[in-house]
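Read the structure below first, then the notes.
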Amino acid sequence: QEKFDIGYDIYFSGNSWSVQLAKEFEAEAEKHKDTVEVAYTESELKADKQVSNIEDMITKGVDAIILTPISPTAVIPVLKKAEAKGIKVVLLASSIKSDDYDALVTVDDVDFGKAGAEWLAEKLGGKGKIIALNGISGISASDDRWTGAKEIFDAHPDIEVISVVDAGWDYAKAKVAVSNLLAANPEIDGVWSQGGSMTLGAIDAFEAAQRPLVPMTGEDNNGYLKRWAALEADGFTSVAPSKPTWLGSEALLVAIDLLEGKTVEKNKIYDVPMITADNLGEFKRDDLSDSFWANTRLSDEQVRATFQD
Amino acid sequence: MPRAFPVSGRPKEWRPPMFEGSLRSNLLTSLPALALSALLIILTAYMSPNFLSDSNLTNLSSRLLPIGLVALGEAMVLFAGRIDLSVGAIMSLATAIMALTSASLGWLAIPLALGAGLVCGVVTACGVNFLRINPLVMSLATAAIVKGVTMLLLPSPGGEVDYAFYDMLFGAERLLSAPLIMSLIAFIVIAVVMNWTRLGRSIYAFGSDPRAAFANGISSLKIDLVVFGMSGMLAAAAGIVLSIRILSGDPLIGESYTLDAVSAAILGGVALQGGRGNAIGVFFAALALVLINNTFNLLDIDTSFQNIAKGLIFILALVLFMRGKAEEH
Amino acid sequence: MALPAILTNAKPAAATWRALGLLAILLIVLFVFSGRVSMVQVMDNARQAAPLGLIALGQALILLMGRLDLSVGATAGLANVVLAASFAGNMDNMATALAITVFFGLLVGLANGILVVVLRIPAFLATLATSLVIAGAILVYTGGSPGGSIPAGFRVITEGWLFGILPWSVVIWTACSLILLVFVHYSLKGRKMLLSGANARAAQRNGIAADRMVIFSFVLASFMATLGGILLSSITGMASIGIADTYTVDSIAAAVIGGALFSGGVFLPAGVAAGSLILFFLQSLLYVLSLPPAARFVLQGSIIVIALALSNFKKDR
Amino acid sequence: MASLKPANHSPTLIAVSGLSKSFGRNIVLQDVSFSLGRGEVLALVGENGAGKSTLMNILSGNLSHDAGDIRLKDATYKPSSPADAARNGVAIAHQETAVMPDLTVAENVFFGREPRNALGMIRQRQLHSDFTQLAASLGFDLDGRKLGRHLSAAERQLVEIAGAISAKPDILILDEPTASLSSEAAHSVIRLMEQLKAQGTSIIFISHRMGEIMEAADRVVVLKDGALTLAAARGEFSEDDLIHAMVGRKLENIFPARPARENAPVRFSVRGGTNENLPEIGFAVRRGEVLGIAGLEGQGQKPLADALCGMAPFRSGTIELDGEALKLKSPAAAIAAGIASIPDDRKHDGLALSLPIRLNMSLFAITERAKGGFLPLAYERDFVEGARERFSIRSTDMEQPVGELSGGNQQKVVFARWLAHEPKLLVLYEPTKGVDVQSKSEIYHLVDELSQKGVSVILISSDLMELIGLSDRILALYEGRITGEIARSEFSEEKIMRYAAGLPGKRQAEGMEAAHV
Ligand SMILES: Nc1ncnc2c1ncn2[C@@H]1O[C@H](COP(=O)(O)OP(=O)(O)OP(=O)(O)O)[C@@H](O)[C@H]1O
Ligand SMILES: Nc1ncnc2c1ncn2[C@@H]1O[C@H](COP(=O)(O)OP(=O)(O)OP(=O)(O)O)[C@@H](O)[C@H]1O
Ligand SMILES: [Mg+2]
Ligand SMILES: [Mg+2]
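Chains as they are written, first to last, in the working numbering: chain A, 1 to 309; chain B, 310 to 638; chain C, 639 to 955; chain D, 956 to 1472.
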């Protein structure tokens, strides 16, 4: 029997989340190696390169294309072409501004932003001065999460966002930024952060400045979960919304269903999984690397192979 | 009539060039890029049946247009012995302007974006000329400012560019597509201007030795305005094409094009020190850059090795073509 | 009037004073806006600027030779990845980890030097190519997710303060600046570098092995970039990909604000330090004023123009 | 102060009055006034750094002046750029500096005046045939298709001159037009000047060669330290007057009196030295001897100088210094062996123009005294200050960048470099190109002084006066071979030129090695 040819575009491999997303896909593909044959391309977070990659997949004549759209519009024309050739298209972890696709598998980043913000607003009793740590302006995940968070904060008139900073999902940048903000502001009551490493940086900046820790939001990467657990005894509180990397494996399953002619739900948008003080223990893995992300379908062996310490 | 006298006994190291004039000696600089792209075409066509399909060739020319335009502008700056590292930022700015204004202004968005590119080029030219700031640094400064402005205008990718533009530019799937024709026109026009007009000769002369050129009556301000202005406009044109290709604006999309543009110009035989090189060579070098990615994808080369492979090809090309060209003031 | 001979050699150039002046102005502005600039805060910024400072020193050495090194950012990033991997979070590995990291750094410098000198490829392109290869190699080696970590014991070099007032990283940075200052301006080899940098052909003709000086400077610059990468790793405590990419452009900007010339023959470590600090305080100013990230680029571009416009102010025709 | 009487002359074309110019605090021109009539030749004379080039650069729009007034054809003239000057009929031939390396000779000559078709495109063929015509009419032996970067110094100079003439200017300015030319070529340029003058062109030329000035100038203007010290018409001045006005005193002996030294032992010899550019060369120099090497431009002088200093080593042959065989594989090896050399192209091969005088001058002085790799700075300062005084190098202080000095003073810096340690052999290649009489004389006496101390000198020069005045013996170089030898007692310009033109010398090649000692 003919195997299905599938093109998978790795949108980025510059941070551990994007790497793990691709690994989840690869692991699933390995399980179905008798039915699918995958050709990989790599877009390096460049929308135009992604367009070219998809064009080349069409040229090669694949049966299905799985991609994480870097821009909400860039791939529309080329996906139309794919559709015209009867190629199935699955969007993974990010959507586009048209319905020229067959399935979407994701968690909403706006909801992600809201989830952390709601927790923080509640924790502060709807009142206080906070700072926000964003990823990179111009990248939709970062902007969408902030949009969601801002909506919540705007609804709480007594919460004042005193500074919004881009720290590139980066520990070091976040630490520098927060150090500076601490020097400039005698009162900071909470930190809304959209990335685990940035929250780590913020914690270290607070400690370096010998200021008591305040409620902060984080994300589900293992390094952060470990630190959070260690600080719980000192009264540190946090919450970790998650964009699970297992979406990668889910995308392949959906693609196979489509190719086999099964009907699938077009927009599969999962709820944002939340790690809270209550279930922290279930996700935190002291025996695994700091870099790994807790919401995964990878086996421990696979995680160890991907992120060696 | 004074009689002829021997000035040099017998020039030993030098023989007359194969062709006449500096024009021909410039044309020869295109050969390596021509060879490289020919090699890639033959290799890929041999190994992949889809390579020569109409749709793939159309795709290639669509990709050639933006990198070709921006590399062409960069080459003009390099001909004059300057360098422009702001082209990528200008491309992003142009995509932002298109995304924000094409809905309301329609076609007028295009001259607006081109004008913005021109202004950026003029700013760089003025810094280089009046403030005597090294072009590399001045263009980096322009790039930073332009990037900031772009991010103020359009903080994240988005906005919308009308689909009609897309149909117009990329709609047809045939070999002689609009992007290919536009690339050819741009390159031929610039090649003619550079080689057969006084302006072109002045740009080469200025790049060759600015002091000597000044002494021969060239105004450095005029040269700077022309080359940086052109480079800004061509970068903006590339940005317009890109915004149509992605149907939106993106404040970061141009970044990687700066080094691509410089690489294409250099691989195309343009000397960093100025005065030498030809638009034709740049055309083939830009083509080679486009072909490399296509080749990687069509031949299924492992993605993680693509970057190393590209770096090594780059080094190999440098070793083959640039050997002995190290700058020494 | 007449300085002792030993001082004329190191007399701060006009460009150094200009850079220091700009830095002072920036500090005053910062003070005015934030209302509280303490010595500790200044030192804390200096501490974090140290990686850039070291990398920019290396860049300045290359500029001294009339070349440009576009691989310093990649080299620092390489140091970050290699150091974290070979440390593996264990302080016992320190000697080996440092040795391996420095070894790779020197290797990059040697490769650059050979491409530029032996194969005579323009430095701009040769170093661009090596940076591409380094970036690719890091991706292949790490698969996109680098492992390892820097043990807390080692992080003292960026987190510890000497006598509680001087961060160790500032001490290291100052020491490197001084050593290079003395080396370039007081040693025979440094003098030969100056001459080769200003006119390689004349230097060669006058018996200086100018080519060897160029290779040497590339190795030294990569070494400085590696040191910068090590300090950076000590700050971050872990490895991440592309973390030092912006340092390439920033190092050029810092060196040039500090008075380095593309035509070679100039080396002003104090100016370079001022340039690095200016770039860093600019960042602080943005946080304090809570300006959008976009403003950072506008300000940074403007300050480069201002710094250089000042230095060219009085040239007449 | 002498001023020019306009009476017995053709109508005034350009009149300069009260012109001043300074660079920073350095006053370069001070209240200079003179005038020039149509169809006249004016020679501008002065020491290095007197301000000649600056004055001409002002007239040609390369520099602007601070005060004073220039009237051209009775209108105020203040050119804003070289292009502006050209529009006003003023053209300048710089001292070989303005040839654009990546354009061909023809493109250089007609730059900005290329023939074009209706579309504004340059007609390449026409351009080159125009050039062939022009070159023939000027009597220049130049290949129009050659790129500027491949030209020799003399060819560059001719390109400059041809370019300026082809603009058909009213006023032609020639800045040291003959400095790089052999004397025969220089004579032709002088004849060309006479021809242009006859056609009504006014010419201002700068030269350090007294013979040319006496021969060609209708008037002279002498500058000293930026001020006018003499302005006179032909017949009103003598060579001594000029020198007096330039230097401020009489120069007794430009050349040192040198005793014959025929019996000294051989110090340095080359036998059968060959490389790509030298077919075969052999000669020997005695201890303390000054060996002149004469030849027309491009007969192998440069390859010979390069081989001797190790830049382009001999591929085969034997070299001996003080009886020991030697390989001159690199400049470093040559210097280590005690061979010092002064290049002809000081700007590219001799100096780091952006660095201070001190750094340029002191390298060798301090090298051997360095302790543990570090420099003896006090010694360096004393050495540099001493040399500055001794050579009267005109500069603000020892930290002034060498690039700001005039050509002659730059040359002195190159010379001074070798003073700290006497070399065994000193190779001079056009050592006084563009150097004024005063400095020339100083350099000659210095060479003599060194040779008295036993330093052997090889003097490669196109200046016959210099060769005759300074050498103990002269060899003629033709097509990369030694074609003749002339003993001091037989020196004459005519004889040297005969040999240099490749005509058979007194002794033939077989006996050469013995004969040349
Ligand atoms: N751009 C400049 N900046 C500073 N000083 C300058 C500049 N140009 C010339 N000078 C100085 O002006 C003086 C006159 O220089 P100029 O070149 O006119 O001399 P010159 O008479 O042509 O000498 P030479 O015979 O060596 O050619 C010199 O002292 C020189 O150092
Ligand atoms: N960058 C500079 N800064 C200061 N002065 C300069 C600079 N460049 C050139 N000059 C001065 O300008 C004058 C003219 O330069 P140019 O190269 O034409 O020298 P020249 O005097 O005609 O030639 P030569 O040095 O062979 O006598 C020189 O006297 C030199 O001192
Ligand atoms: Mg002069
Ligand atoms: Mg001169």
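The beta-carbon is built from N, C-alpha and C at its ideal position, and this holds for glycine as well.
Whole-angstrom distance between residue j and residue i, CA atom to CA atom
i: residue 78/A; j: residue 38/A; result: 20 angstroms
i: residue 1060/D; j: residue 1380/D; result: 38 angstroms
i: residue 1160/D; j: residue 939/C; result: 48 angstroms
i: residue 834/C; j: residue 1304/D; result: 11 angstroms
i: residue 1278/D; j: residue 1242/D; result: 12 angstroms
i: residue 955/C; j: residue 447/B; result: At residue 955/C the pLDDT is 43, less than 50, meaning the model places this residue with poor confidence and gives no usable figure here.
i: residue 593/B; j: residue 421/B; result: 30 angstroms
i: residue 516/B; j: residue 1339/D; result: 37 angstroms
i: residue 318/B; j: residue 1413/D; result: Residue placement at residue 318/B is poorly supported in this model, since its pLDDT is 41, which falls under 50; the coordinates are not used for a value here.
i: residue 728/C; j: residue 793/C; result: 12 angstroms
i: residue 1369/D; j: residue 644/C; result: 24 angstroms
i: residue 740/C; j: residue 717/C; result: 8 angstroms
i: residue 1147/D; j: residue 1093/D; result: 7 angstroms
i: residue 1168/D; j: residue 1162/D; result: 7 angstroms
Cβ neighbour criterion (16 or more within 10 Å) applied to residue i
i: residue 823/C; result: buried
i: residue 57/A; result: buried
i: residue 198/A; result: buried
i: residue 356/B; result: exposed
i: residue 277/A; result: exposed
i: residue 459/B; result: buried
Amino acids of chain C, ordered along the chain, whose beta-carbon sits closer than 8 angstroms to that of residue i
i: residue 531/B; result: Correct list: empty, because the minimum Cβ distance to chain C is about 16 angstroms.
Within chain B, the residues that residue i reaches when beta carbons sit closer than 7 angstroms
i: residue 1054/D; result: 521
i: residue 778/C; result: 613, 614 and 617
Chain-ordered chain C contacts of residue i [CB-CB under 7 angstroms]
i: residue 252/A; result: None at all; the shortest Cβ gap to chain C is about 19 angstroms.
Chain C contact residues for residue i, given Cβ-Cβ distances below 9 angstroms
i: residue 242/A; result: Within 9 angstroms Cβ-Cβ: nothing; residue 242/A doesn't reach chain C, min ~17 angstroms.
Within chain D, partners of residue i - CB distance below 7 angstroms
i: residue 853/C; result: Residues of chain D passing the Cβ test: none, with the nearest at roughly 16 angstroms.
beta-carbon residue i near ligand 5 non-hydrogen atom, thresh 7 angstroms
i: residue 1349/D; result: For ligand 5, the structure offers nothing, since it holds only ligand 1, ligand 2, ligand 3 and ligand 4.
Partners in chain A for residue i, counting only beta-carbon separations shorter than 7 angstroms
i: residue 682/C; result: 179
Where residue i meets chain B, residues with beta-carbon distance less than 9 angstroms
i: residue 978/D; result: Result: empty, since nearest Cβ-Cβ is about 16 angstroms, beyond 9 angstroms.
8 angstroms Cβ cut-off: residues of chain A touching residue i
i: residue 860/C; result: Going along chain A, no residue has its Cβ under 8 angstroms from residue 860/C, so there is no contact; the nearest lies around 22 angstroms.
> Which runs of the beta strand (DSSP E) spanning at least 3 residues fall entirely within the stretch 106–182 of chain A, listed in chain order?
Replying inline: 128–134 and 159–166
> Along the stretch 925–950 of chain C, what residues have a CB closer than 8 angstroms to any CB found in chain B?
Replying inline: 930, 931, 932, 933, 934, 935, 936, 937, 938, 939, 940, 942, 943, 946, 947 and 950
> Going along the chain, which unbroken runs of the beta strand (DSSP E) with 3 or more residues stay wholly within the stretch 16–66 of chain A?
Replying inline: 36–42
>> Please list, in chain order, the residues of the stretch 503–514 of chain B that have any C-beta partner in chain D closer than 7 angstroms.
In response: 505, 506, 507, 510, 513 and 514
> At what residue ranges does the stretch 1113–1173 of chain D contain a whole run of the alpha helix (DSSP H), taking only runs of 4 or more?
Replying inline: 1138–1153 and 1165–1171
> Taking any Cβ of chain D, which residues in the stretch 646–673 of chain C have a Cβ under 9 angstroms from it, in chain order?
Replying inline: 646, 647 and 649
> Considering only residues of the stretch 1243–1288 of chain D, which uninterrupted beta strand (DSSP E) runs meet the minimum length of 3 residues and lie entirely inside it, listed in chain order?
Replying inline: 1245–1249, 1271–1276 and 1279–1281
>> I'd like the ranges of any alpha helix (DSSP H) spanning at least 4 consecutive residues and lying wholly in the stretch 1287–1316 of chain D.
In response: none
> Between the stretch 444–461 of chain B and chain A, which residues of the former have CB atoms less than 8 angstroms from a CB of the latter, in chain order?
Replying inline: Of all residues in the stretch 444–461 of chain B, 460 have a Cβ within less than 8 angstroms of some Cβ in chain A.
>> At a CB distance below 8 angstroms, what residues from the stretch 274–308 of chain A approach chain C? Give them in sequence order.
In response: In summary, the residues of the stretch 274–308 of chain A whose CB is separated from some CB of chain C by less than 8 angstroms are 289, 290, 291, 306, 307 and 308, in the order they occur in the chain.
> Residues in the stretch 741–775 of chain C with C-beta within 9 angstroms of chain B's C-beta atoms, listed in sequence order?
Replying inline: 753, 754, 755, 757, 758, 759, 760, 761, 762, 763, 764, 766, 767, 768, 769, 770, 771, 772, 773, 774 and 775
> At which residue ranges does the stretch 1346–1371 of chain D contain complete beta strand (DSSP E) runs of 3 or more residues, listed in the order of the chain?
Replying inline: none
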